[in-house]
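Presented below is the structure to which this report refers.
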Amino acid sequence: MSAAAVLAVRRVCALEQAVSDLRASLEGAPGAAMDERERRAQIARLLSEVTLFRLALADRA
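So my numbering is basically just the index in the sequence shown, starting at one, shifted up by 199.
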């Protein structure tokens with residue numbers, strides 16, 4: 200596997216970890232900390248980043 204591919208895989212893993220961390224922190228946050236729409240918007244944004252990055256990676260292959 201090329202160095203670029205390894206870097207790309209690491210980036211996808213980091214993005215997926217960020218989504219997981221955000222979900223975990225939001226689940227533990229008090230209800231007043233963030234309303235449901237904001238929470239969903241942040242999760243959707245991070246998932247979109249992961250999806251777009253995976254698509255870009257697939258186009259390179």
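Idealized CB from N, CA, C, for every residue including glycine.
Item, Value
"Proximal residues to E215 (C-beta, below 7 Å), its chain only, five neighbours per side dropped", "V249"
"CB contact flag (V208, L246, <8 Å)", "no"
"Distance, A213 Cα to P229 Cα", "26 Å"
"Run of the alpha helix (DSSP H) containing D220, from where it starts to where it stops", "A202 to G227"
"Rounded distance between the beta-carbons of L225 and R238, thought under 8 Å", "5 Å"
"First and last residue of the uninterrupted alpha helix (DSSP H) at D234", "Unbroken run through D234: none, as it is neither H nor E."
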